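Worksheet for the structure shown next.
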């Protein structure tokens, strides 16, 4: 038993060092986001803060006021919340219908949903952006219609997988008691599916919030930017890269994610596991 | 049940199917058709047969991107899974302190988007390169490739580790106890008990990391942008650049043809996965 304990101690030390190394890239950005512009270059990145290079919150103020961070954050928030809400409501209803009715049309639709999960975005990026442009889907609210269609594959697949495990007797009993299908869905099926809603919600949120290419191609990018587009613009659009404000932006993107993650860790991890095992 | 429900389709399926039609089905088939056309916009397309495909296969940058992507996908898949499984095995040991904190830390990078990850690592890798006196990422092909590997490891090891931990925890403890009673050492337990029971998890993780490797785009764009001179450009980025960075109408069609080839490649990998997963289910 003594040997076990010694191994555990060595492993503990090893993983502590590895964890610190794992966090280091984020720590490095944090430190540099407080430096003055002139003291950030490729050789001084590793230096810690001192009196000579400390810039206070100036980079954050700059990012919020001059670089359009606040607007981009709001756009990302609107797109993510609306899209995920739409996906959860519409796709769970669709999945229940597809499983319960299960005629030839439903089978075909289900097959197409599953197929769409596999197809890489490059296959339709050009035609989709053209179509979205002509249909006026290039604003933060309208783009959610596309996200519903694009997120439907994974969402319907996961919801349908769960619906198949629900015994139909409960729903039939509710039906005999005089419930309409709509009431059956919202009063009986929806509460049973709560864990799946959480899993799907987390997976779709992670995807929409971080998505770069779809909003970049579809949105009218002179008017609307999301956070990933803004970060990408720092290199492309400004000529000289202002590293200080850029790192401040990166920090303001990471911090909310880390906070949400630490609070809902249990749900996020179980959501990811169930998504992977079914996908 | 089904009969009553059937006439409720406008409410239950129409919104999803409608947006799926406009968001996926129409662009997909239009894209497949346009790969046989010469076009500048979708409406002005002339049919040219297979010439886009011929041009795509003759494009040396596309061939380079293909081999680079294949090498990257293979290498990253092996490294991610070996490291993730090793960490998962260590973190499921009895009596190890702080396992929850370690899990939390390792999984965290997975939540950060590809573009942001790319820039974080661009800053870090350039700093390391300049401190050892090597050329920066924009001129350094080798560093670009290994940089993407390191970045991908940082992002995905935690994710796969979580899946492996779930798999390890679902192995019945009787099996492990029986192995212990029979006098198996840790190494034998790993190869004779744990890994055979993990096979379905391993299949899932292998294919997840393989398809992720092939589809990699954001990280590639943000970390190296294909520099120097398309040498670190992978398939997805190559297709994107063929569409949007090249001058001349013919490149649109070629880009779309490349996209179809890429799509077929990814679908084939997924079909192989499906077949392997299915055959496993039969055996159990």
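Chains as they are written, first to last, in our numbering: chain C, 178 to 456; chain V, 4 to 287.
Cβ coordinates follow ideal geometry from the N, Cα and C atoms, glycine included.
None of the values given here were measured: they were computed from a predicted structure.
{"query": "Outcome for residue 187 (chain C) when other beta-carbon atoms lying within 10 angstroms are tallied against a minimum of 16", "result": "exposed"}
{"query": "Same chain, Cβ closer than 6 Å to residue 287 (chain V), neighbours up to 5 away in sequence not counted", "result": "With a pLDDT of only 46 at residue 287 (chain V), under 50, the local geometry of the prediction cannot be trusted, and the value read off the model is given with reservation. Excluding positions up to five away in sequence, the list is empty."}
{"query": "Sequence-distant residues of its chain with Cβ nearer than 6 Å to residue 16 (chain V) (five each side left out)", "result": "none"}
{"query": "Sufficient close CB pairs (3 or more, under 8 Å) joining the region 224–237 of chain V to the region 132–146 of chain V", "result": "yes"}
{"query": "Separation of residue 430 (chain C) from residue 347 (chain C), as counted between CA atoms", "result": "45 Å"}
{"query": "At least 3 beta-carbon pairs within less than 8 Å: the region 264–271 of chain V vs the region 295–303 of chain C", "result": "yes"}
{"query": "Residues near residue 358 (chain C) by beta carbon distance below 7 Å, same chain, minus five either side", "result": "none"}
{"query": "For residue 49 (chain V), three-class secondary structure by DSSP", "result": "strand"}
{"query": "Below-8 Å beta-carbon distance, residue 410 (chain C) vs any chain V residue", "result": "no"}
{"query": "Residue 42 (chain V), DSSP secondary structure in three states", "result": "strand"}
{"query": "Residue range of the unbroken alpha helix (DSSP H) whose run includes residue 433 (chain C)", "result": "420–440"}
{"query": "8 Å Cβ cutoff, residue 267 (chain C) in contact with chain V", "result": "yes"}
{"query": "DSSP-derived helix/strand/coil call for residue 231 (chain C)", "result": "strand"}
{"query": "Given residue 170 (chain V) as reference, the closest of V:131, V:158, V:139, V:199 once Cα atoms are compared", "result": "V:199"}
{"query": "The region 358–370 of chain C touching the region 175–185 of chain V, judged by at least three CB pairs closer than 8 Å", "result": "no"}
{"query": "Neighbour flag for residue 175 (chain V) against chain C, beta carbons, 8 Å", "result": "no"}
{"query": "Exposure label - residue 159 (chain V); buried when at least 16 CB within 10 Å", "result": "buried"}
{"query": "Residue 284 (chain C) versus residue 272 (chain C): straight-line alpha-carbon distance, rounded", "result": "11 Å"}
{"query": "Distance CB(residue 370 (chain C))-CB(residue 336 (chain C)) smaller than 8 Å", "result": "yes"}
{"query": "Residue from V:139, V:28, V:32, V:167 with nearest C-alpha to residue 83 (chain V)", "result": "V:167"}
{"query": "Residue 100 (chain V) - DSSP class collapsed to helix/strand/coil", "result": "coil"}
{"query": "Residue 212 (chain C) in three-state terms, based on DSSP", "result": "strand"}
{"query": "Buried versus exposed, by CB contacts within 10 Å (16 or more), residue 326 (chain C)", "result": "buried"}
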